[in-house]
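Beneath this line is the structure, given in structure tokens, with notes to follow.
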Amino acid sequence: MVAIGQGGHKPCVQAFGADQFDSRDSKERISRGSFFNWWFMTLSAGITLSFLVVVYVQDNISWALGLIGTPCLFMVMALALFLLGRKTYRYPKEDYKEKNALARIGRVFVTAYKNRKLNLADPGLGESLLEDGSSQKCRGWLECLGKALLPGEGGGEPCTRKDVEDAMALVRLIPIWITSVISTIPYAQYSTFFTKQGVTVDRKILPGFEIPPASFQSFIGVSILISVPTYERVFLPLARYITKKPSGITMLQRIGAGMVLSSFNMVVAALVETKRLEIAKEYGLVDRPDATVPMSIWWFVPQYILLGMIDVFSLVGTQEFFYDQVPTELRSIGLALSLSAMGLSSFLSGFLITAINWVTGKDGGDSWFNTNLNRAHVDYFYWLLAAFTAVGFLAFLFFSRLYVYRRVDQVYEQEKSRGEANEAGTRKVIQMSLSQPHAPQLTRDLVLEEPHSKPVPHCSSNHDTSESSSLSVDDKKKSRKELRVDHAASIVR
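Residues 2 to 494 (our numbering) make up the sequence shown, in order.
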């Protein structure tokens, strides 16, 4: 039930919060990026606070009250605050009538398959497809989807440019999502192996006070509480100064930085575990799994600090990226995709551990995941994960260089305003003409001129000056009228 509730709540609440910012306003668009950072920080602060409050209530008042009553009370308070602001929220309204988003995008793939034998290069077929601000021309590996814009051989109705752009946007996200899954596999280790390693070492942080190894996970929250303000107030201004971009760095650059930190974190974890094994061997504790290895638990703090930094760069960056790059109606699904990458990586981590345990433990050998951690080789597993994340980063780097950010909303906003702009331009021409000499005559000529009026007679070079000077008054008026019309047409252009 908790998983079902979180699966519906997390993506939707983030999407609704981000929808409060107008993406067409440059300042609000930058603020929307900050929203994801501060939202994640407050979420981490709430999780850290819940550890303290719930554990205190369970230990000192009532276990049932701490497990059920306290979380329920806070949820009711949060719901009440949410409902109080319902009249102040922004509710996005689309300016175009839409069918079901999944249905119209699915129709693109069906239509493209039916038109697979058609050629976009045929005269009159592909000349104007996806032009005027399209995020990507119909070429290369996405050319097949561009064929959905063509009328079918049997007279089938072609898809719209927006439908094709939305389908292309989803296809382009697939490689990024796959590389995100690979780079998130190390994240599953902090609640398993990091904690098991902490059990074997000296956990005294003060005389007479021994910290539970699982409590070190609170350092992730502390790291996030420090990293988010640092990112917003120090890193981003510095990045804007260097790159001259309003966002500082792109969303893909932010995700890539998180992948690099993830690989580096696995290297640090491998080195710390190697040090722990050396100390256990030095003190003859290899076959004494219950003995405490004389190594301070503070050696593990850098791993947890790096996990918080990875969250700020990679996790938050992925959420913002998938929200921004999916079709407008599918933004909550886009956020769900970003969260599903972490869920799938946990399953892959479990599968990887099972496979490695079977391979290294057969024929009586010592498994990498021996129950006696002093004989295990978790450090080898960390090195393997560091290699996986490095390969995933290289693949991500390749696909991100080919990626073109989705701009279809801007294109259709331009198309929507084109008619209004033309009308406003016409009004401006008339206003400008009113400020010039003979304005009433010009306006009257522009409005009342007959479409089939005869052209002004052309004077050839063999006419003498007397003939040219003998032009009628009407002909001179027509010449002046043509000049005024040409002048107005040049202003429109």
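Cβ coordinates follow ideal geometry from the N, Cα and C atoms, glycine included. Just so we're clear, the structure is a prediction, and the values are computed from it rather than from any experiment.
Are residue i and residue j touching if we call contact CB-CB under 8 Å?
i           : j           : result
residue 262 : residue 227 : no
residue 296 : residue 306 : no
residue 217 : residue 298 : yes
residue 257 : residue 397 : yes
residue 333 : residue 72  : no
residue 17  : residue 30  : no
residue 313 : residue 202 : no
residue 220 : residue 302 : yes
residue 58  : residue 67  : yes
residue 404 : residue 177 : yes
residue 344 : residue 224 : no
residue 117 : residue 164 : no
residue 157 : residue 49  : no
residue 15  : residue 338 : no
residue 247 : residue 255 : no
residue 182 : residue 346 : yes
residue 324 : residue 19  : yes
residue 273 : residue 300 : yes
residue 304 : residue 360 : no
In the DSSP output, which residue or residues are listed as bridge partners for residue i?
i           : result
residue 167 : DSSP lists no partner for residue 167.
residue 88  : Residue 88 pairs with nothing; no bridge assigned.
residue 207 : 210
residue 294 : 202
Please return the same chain residues whose Cβ sits closer than 6 Å to the Cβ of residue i, not counting the five positions on each side in sequence.
i           : result
residue 128 : Bear in mind that the predicted position of residue 128 carries a pLDDT of just 42, short of 50, making it unreliable; the figure below should be weighed with that in mind. Excluding residues within five positions, none has a Cβ falling inside 6 Å.
residue 267 : 187, 383, 386, 387
residue 167 : 106, 328
residue 205 : 211
residue 114 : none
residue 119 : 148, 151
residue 271 : 380, 383, 384
Go through its chain and collect everything with a Cβ distance to residue i's Cβ below 7 Å, but skip five positions before and after it.
i           : result
residue 321 : 34, 37, 252
residue 331 : 102
residue 260 : 184, 315, 390, 393, 394, 397
residue 284 : 295
residue 287 : 281, 375, 376
residue 275 : 380
residue 197 : 374
residue 40  : 15, 18
Buried or exposed: residue i, going by 16 or more other Cβ atoms within 10 Å of its Cβ?
i           : result
residue 42  : buried
residue 6   : exposed
residue 191 : buried
residue 289 : exposed
residue 148 : buried
residue 150 : buried
residue 352 : exposed
residue 379 : buried
residue 175 : exposed
residue 199 : buried
residue 104 : exposed
residue 173 : buried
residue 348 : exposed
residue 169 : buried
residue 171 : buried
residue 9   : exposed
residue 2   : exposed
residue 278 : buried
residue 249 : buried
residue 402 : exposed
residue 146 : buried
residue 65  : exposed
residue 232 : buried
residue 445 : Confidence at residue 445 is low in this model, with a pLDDT of 40, below 50, so the placement of that residue should be treated as unreliable; the coordinate-derived value is given next. Its Cβ having fewer than 16 others within 10 Å, residue 445 is exposed.
Which residues in the same chain as residue i place their Cβ atom closer than 8 Å to its Cβ, once the five residues preceding and following it in sequence are excluded?
i           : result
residue 377 : 367, 368, 369, 370, 371
residue 159 : 112, 149, 150, 151, 152, 153
residue 342 : 178, 181, 182, 185, 319
residue 63  : 70
Cβ-heavy atom distance between residue i and the ligand SAM below 7 Å?
i          : result
residue 83 : Ligands displayed in this structure: none; no statement on the ligand SAM is therefore possible.
Entirely enclosed alpha helix (DSSP H) segments - the segment 215-266, minimum 4 residues: Inside the segment 215-266, DSSP marks whole alpha helix (DSSP H) runs of 4 or more residues at positions 219-231, 237-244, from first to last along the chain.
Within the segment 325-383, ranges of the alpha helix (DSSP H) (whole runs, at least 4 residues): Every alpha helix (DSSP H) stretch that sits fully inside the segment 325-383 and reaches 4 residues is listed by chain position as 332-362.
Length at least 4, wholly inside the segment 32-90: the alpha helix (DSSP H) runs in chain order: 71-85, all fully within the segment 32-90.
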